[in-house]
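For reference, the structure is listed below as structure tokens.
Numbering (this note's numbering), first residue to last: 251 to 518.
Quick look at the structure:
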């Protein structure tokens, strides 16, 4: 009945089963139960899976099962010589036994169902682990973002805040930036606005000069509106700087590009 419910029988074999079902109420009930299970199997698995399996997976499984069926299907002579299993009495005054030609088909159908279920389970498991991993990353990013927001407010919104304004070096550019620090804290906040999106392979970087030495403070992430934010911790509390610049250059650059996009100098 499993093979019949799965629709894996040849047309002639399916016709034989249907003729038998016309006169056997017990087998009809069993066939209906299998059909209901098969109908629920695919939607249930699809509902648990966040994505679809790779294209061609079902075709490869069907080919493998068909090959196994062809190799394992006995000839007509072998079927006629095979021992007959004892019949099963369903209380109707007669016994019914599954024809010998059902057996290899049933095995193949069960193999197909098992293979499909295993493939779906493995695929869903892999995607579930990936989804959980992404969820952990997003959760950590949220924690970091909230922590940054608290730090930004402490640095920017204080009567002790020291602010430096970075101006655009290109005439007519609306871009600008601000560098904030406090004498009692070691954290530094750099904000920029109206910066164009960087080209592929390039990024905005913040370079700070103190006591004649220029160091990279970090990369500046810019959103679609041109807003950028960088929060970092200096070596000491109340850091002082001679100059600050925002550059646009390749990611692996060891020195600041010239001219910078934004610039501030204590000498001005």
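From the three backbone atoms N, C-alpha and C, an ideal C-beta is built for every residue, glycine too. Because the structure is a prediction, the values reported are computed rather than measured.
Exposed is the label assigned to residue 415, since fewer than 16 other Cβ atoms lie within 10 Å of its Cβ. Counting only the Cα atoms, residue 264 lies some 15 Å from residue 273. With a beta-carbon spacing of about 16 Å, residue 470 and residue 491 fall beyond the 8 Å limit used to define contacts. Burial is judged here by how many other beta carbons sit within 10 angstroms of a residue's own beta carbon; residue 432 has at least 16 and is buried.
The beta carbon of residue 467 sits closer than 6 Å to those of 456, 458 and 482, all from its chain and outside the five residues before and after it, given in chain order. Rounded to the nearest angstrom, the gap between the Cα atoms of residue 486 and residue 438 is 11 Å.
Checking the DSSP bridge columns, you'll see residue 439 partnered with 430 and 481. About 17 Å separates the beta carbons of residue 417 and residue 477, which is beyond the 8 Å limit, so they are not a contact pair.
Per DSSP, reduced to three states, the secondary structure at residue 459 is strand.
In the DSSP annotation of this structure, residue 445 is not part of any alpha helix (DSSP H), being labelled neither H nor E.
Classified as exposed, residue 422 has fewer than 16 neighbouring CB atoms from the shown chains inside 10 Å of its CB.
Apart from the 5 residues on each side of it in sequence, residue 424 sits with its Cβ closer than 7 Å to the Cβ of 444 in its chain, given in chain order. Around the Cβ of residue 403, a 10 Å sphere holds fewer than 16 other Cβ atoms; the residue is exposed.
Between residue 448 and residue 412 a beta carbon distance of about 28 Å is seen, past the 8 Å cut, so the two are scored as non-contacting.
A straight line joining the alpha-carbon of residue 518 with that of residue 462 spans about 16 Å.
The straight-line gap separating the alpha-carbon atoms of residue 465 and residue 499 is approximately 15 Å.
For residue 269, no beta strand (DSSP E) encloses it; the enclosing alpha helix (DSSP H) starts and ends at 261-272.
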